[in-house]
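Chains as they are written, first to last, in the working numbering: chain A, 93 to 717; chain B, 666 to 1017.
A virtual CB, placed ideally from N, CA and C, is assigned to each residue, including glycine.
Keep in mind that this is a model prediction, so the values were computed, not measured.
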Amino acid sequence: MTTDADRSTPSARPGTARTRNRASRAAAALAALALAGSAGVAGAPAAAAADQPTTLRAAMSFSGVDTLNPFLAYFNGALDIFGSVYPTLNSLQPDGTPGPYLATSWKPSDDKLTWTYTLRSGLKWSDGKPITAEDAAWTLNLIMTDETAATANGSLVANFEKVTAPDATTLVIRTKKPQSNVPYVSIPVSGIPIVPKHVWEQHTGDLKSFKNDTFPLVGYGPWTLTDFRTEQYAKFTANKDFVLGAPKFDRLVEQSFKSPDAAVAALRSGQLDYVNNIEAAQYKALKGDKDVKAFQEVGNRWFGVELNAGARTKSGKKLGTGSPALGDTAVRSAIALAVDRDTLVAKVIDGLGKPGAGYLPPAWPQWAWSPAGGKAEHDPAKANKLLDDAGYKRGGDGVRTDPKTGRPLVLRLGIHSDRPRDTQASAYLAGWLKDIGVKVDIQALSMSKLNDDLAKGDWDMLMDSWSTGPDPTYLLGIQTCDALPDDQGNGGSTDAFFCDPEYDKLFEQQVTTFDQGERAQVIGKMQDILYKANSDIMLFYANGLDAVRTDTVQNLVTGKADAAGLYPSQTTFWNYITAAPPAKGAKDGSGSNAALIGGGLVAVLVAAGVAVLAMRRRSASDDRE
Amino acid sequence: MSDLLDAVALPGREEPAGSSRPGRSPAPFLRYLASKVAAALVSFAVTLVIGFVLFSLMPANPVQSLTRGRPTSAAQMEHLRHQLGLDQPVWHRFLSFVGDTLQGRLGDSWQFQQPVASLIGERLWPTLLLTGTATLLSVVLGLWLGVHSGWRHGSRFDRLTSGISLTLWSVPTFWLAMILLVVLSTGLGPIPSLFPAGGMSDAYSPSGFGHVLDVAHHLVLPCLTMVLVVFAQYVTVMRSSVIDELGNPYLLTARAKGLMDSQVRNRHAAPNALLPSVTVIFLQLGTVVGGAITVETVYSWPGLGFLTYQALQVPDLPLLQGTFIVFSASVILMNLLADVVYRFLDPRVRAQ
């Protein structure tokens, strides 16, 4: 076979010249395009270096945005946006307690049924119309009366009887029963955003289909939403007149990333300034980066294992295929005693968290509770003794037998197939339970399958994780008898079919206890009951891990670190307000250099490809007879 | 025969005066087309039924998944069950699904609370841009390499091409994507950050032509990843069919005419070897709409693959069925197109 010597054959045929010309013209055009591309790419950051608006670039919550309609949305990405662009009655102060926002004061009446809010005057929506108590009353009333409007936040106002606005600065909320957490009902991000009545009035008819995507969005907050692209980004401009303090940056971009890895890559290369909720391995890696401050915040989420102590409906009908052995408190206590939480913290989350004990995570110190001795008990010998005393005898294979059923003590452990933490922690659990004579059958399942099994009671043990906002009512509520499903197995929000009248009584009591110190004591007693019941065994609370660039942002982190280096639980609401661009002159140009080289490389590659193509075309045309 | 194939494979050529062009005899062609279209419609209908049955049988509790972690009362959950139609018997849901689909209604997504059609519409173009570009590039690259390595099989070039392409084919896509992300986006050692880590464009990208360049800049890494992983299939198919042609007498005839080796290869061997590759290309084109979920996830590309994954998690049945309809329709459509194109490419199909 010959080599491609024919490639060099000169061509003088008129019939082929056209083809060649077309090819080289295309080549020239493409090369020009590629070069222009590199110039364009390089040009953008270079221009930004001049005295242009400053932009804070943050990663959007990995959940993304479901819809921009605040009456419907419940993805965290959407809630973050609402927190920035719609006002609330109260703010949430960095210490986790309600503070002033639209309201400057709020007071319950002596019978505890009426809350009177005094609102600021003089605030204006972004379209210039005044913000009044009527806007707040209208928003809350809509959620109370319209089933569609209640989609996202209906349960927060379920106990509201009547909301009125006697004048522009007074809002009166009357509740059916006393309710201590009213100041948490309308807080940024996790509470109800107040919307401008004059805009939304026209949409009460089409609330379900209204996408709320006319930009700039009419609202009020530290930022104004000026553009939103699905799965891409949300763009904001700063409200320099914001009543709780003007943002220091001129613009804010929340960029959508689908994995923490990509967001961290973007942070390292300077395309992002701030990422929250990164993983332990990334945190460790970022610790060595001199331009990045990686920090921990106190965890607002527990990670635990739920035990099925007897799934049943509200009326007491038994449900599902749970192992009867778990109905025995001795077995549940033994399992809890066998768990070495310190090892889990060290091995599963690289030491970046706290061993679990109380039901409410440590992010909200006002509700924190721990058992006597400060931590959960770990004593495998005691666990073995408990089981021995209760008559669970070990067989030849080391597995105990349930004396009531005569069956070996084998328990299913459902874990989320897509969560590495579940996989790691379950392997440890299986080992520790084996030591006390309990065999564990680990079943890695999808989230929807786990939820289905849970509701039907078809499980023994489940790995689960819950977080809570600053008001713990909902998380405490899923442990009440009221959270059990109906006789068809529907409508339950329980996570372990726990039901204890004493607990329910305390639950009602904490709702109606207005002194927050007293309320905390009641909530402590509730956590004590849960701790002793061992239906939800708290394994650990992972710290929140965040990273922020130090060369492009300062003052983004809220609060002061404690002795262990943990910052208070962060809210993007305050972070984005206090974040400031670096002092002038400190900016470096690495970003534009990188883009220049990147663009250059593309240009070279494309040009090379085009050249090869053109040569091939020429040789091909030379071949023609 | 080779003349006709030549014309198809090398469009720059002047048309030979073929007498057996399908256009000359429209009646058999239309009959052929009608039968293929009918078959496509039947398979689409069957796919719809299978899809519905599969999704309905999937063990899941959408109401639990949707309300998990957000304050919801029992009454709200019951309302949601009713609203989603989950309190209806399966046959009832099937009938309304068929009715809606026939009228072109895809319903509302449960988790996004928006029409499925608009959710898919928003993500369709980014996906087509990414997978379309990647498929085009990998076809061109794969066929070119396949022809050359098949023509000189056993040569160093062949061994190198086959080795590299098969190695990349065996590499897990997400792994390669992560490696490229770390090396070319974060930057490693002396390599600076060259490309964005994710997304389709900069939030403050210029408008007009600048925007096109910005999107192209964002497209490089995801597209490169996809090309590297999939071009091997074109290489291997093309290579083996070129090898199959090597011993054929018509190549000897072509050489005897005095044609150069490359002319024999490009104008006689390659066109005849192209048919199996056409099949592979159309199969691949059918899946273009489905996107590449791993690549879209690693590079945060706003496409359909990730939407399907989100739909599966709940499961969000209307959204799942909507994406399923779009994906299966595109595969069936591409198969139909392949059948039609085959008729033009291969006279044997015409003779049937």
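DSSP beta-bridge partners of residue i
{"i": "E226(A)", "result": "Bridge partners of E226(A): none, in fact."}
{"i": "T832(B)", "result": "Answer is none; T832(B) lacks a bridge partner."}
{"i": "G445(A)", "result": "A634(A)"}
{"i": "N368(A)", "result": "D638(A)"}
{"i": "G191(A)", "result": "S183(A)"}
{"i": "A151(A)", "result": "Q347(A)"}
{"i": "S197(A)", "result": "T210(A)"}
{"i": "F252(A)", "result": "T267(A)"}
{"i": "E398(A)", "result": "L554(A), D628(A)"}
{"i": "D319(A)", "result": "K327(A)"}
{"i": "V502(A)", "result": "K531(A)"}
Environment of residue i [buried if 16+ CB atoms lie within 10 Å]
{"i": "T826(B)", "result": "buried"}
{"i": "E741(A)", "result": "Since the displayed chain A opens at 93 and closes at 717, residue 741(A) lies outside it and no answer follows."}
{"i": "V640(A)", "result": "buried"}
{"i": "N647(A)", "result": "exposed"}
{"i": "W756(B)", "result": "exposed"}
{"i": "L452(A)", "result": "buried"}
{"i": "W840(B)", "result": "exposed"}
{"i": "V929(B)", "result": "buried"}
{"i": "L917(B)", "result": "exposed"}
{"i": "A1003(B)", "result": "buried"}
{"i": "T973(B)", "result": "buried"}
{"i": "H882(B)", "result": "buried"}
{"i": "L695(B)", "result": "exposed"}
Any C-beta of chain B under 7 Å from that of residue i
{"i": "N251(A)", "result": "no"}
{"i": "E323(A)", "result": "yes"}
{"i": "A386(A)", "result": "no"}
{"i": "M539(A)", "result": "yes"}
{"i": "D544(A)", "result": "yes"}
{"i": "Q363(A)", "result": "yes"}
{"i": "A354(A)", "result": "yes"}
{"i": "G169(A)", "result": "no"}
{"i": "S247(A)", "result": "yes"}
{"i": "Y375(A)", "result": "no"}
{"i": "G490(A)", "result": "no"}
{"i": "Y166(A)", "result": "yes"}
{"i": "S351(A)", "result": "yes"}
{"i": "R360(A)", "result": "yes"}
Whole-number beta carbon distance between residue j and residue i, since they are thought to touch under 8 Å
{"i": "P983(B)", "j": "M865(B)", "result": "Contact doesn't hold; Cβ gap of about 26 Å is too wide."}
{"i": "F328(A)", "j": "L336(A)", "result": "Between L336(A) and F328(A) the Cβ distance is about 16 Å, and since that is not below 8 Å, they are no contact."}
{"i": "G811(B)", "j": "V900(B)", "result": "4 Å"}
{"i": "D628(A)", "j": "E398(A)", "result": "5 Å"}
{"i": "L444(A)", "j": "A338(A)", "result": "With a Cβ gap of about 34 Å, L444(A) and A338(A) do not count as contacting."}
{"i": "P258(A)", "j": "V249(A)", "result": "The Cβ separation is near 19 Å, so there is no contact."}
{"i": "D158(A)", "j": "Q778(B)", "result": "7 Å"}
{"i": "A403(A)", "j": "F589(A)", "result": "4 Å"}
{"i": "D432(A)", "j": "W524(A)", "result": "6 Å"}
{"i": "T798(B)", "j": "C888(B)", "result": "5 Å"}
Below-7 Å beta-carbon distance, residue i vs any chain A residue
{"i": "F947(B)", "result": "no"}
{"i": "R904(B)", "result": "no"}
{"i": "G854(B)", "result": "no"}
{"i": "P681(B)", "result": "Residue confidence for P681(B) is low, a pLDDT of 42 falling below 50, so the modelled location carries little weight and cannot support an answer."}
{"i": "A725(B)", "result": "yes"}
{"i": "L998(B)", "result": "no"}
{"i": "Q779(B)", "result": "yes"}
{"i": "L695(B)", "result": "no"}
{"i": "T959(B)", "result": "no"}
{"i": "E910(B)", "result": "no"}
{"i": "M891(B)", "result": "no"}
{"i": "G769(B)", "result": "no"}
Any 3 or more C-beta pairs closer than 8 Å across the stretch 846-859 of chain B and the stretch 764-783 of chain B
no
Inter-stretch contact (C-beta, 8 Å, three-pair minimum) for the stretch 230-245 of chain A and the stretch 280-300 of chain A
yes
Determine, using beta-carbon pairs with one atom in the stretch 631-639 of chain A and one in the stretch 386-401 of chain A, whether at least three such pairs fall under 8 Å.
yes
Does the contact criterion of 3 or more C-beta pairs under 8 Å hold for the stretch 556-564 of chain A versus the stretch 706-723 of chain B?
no
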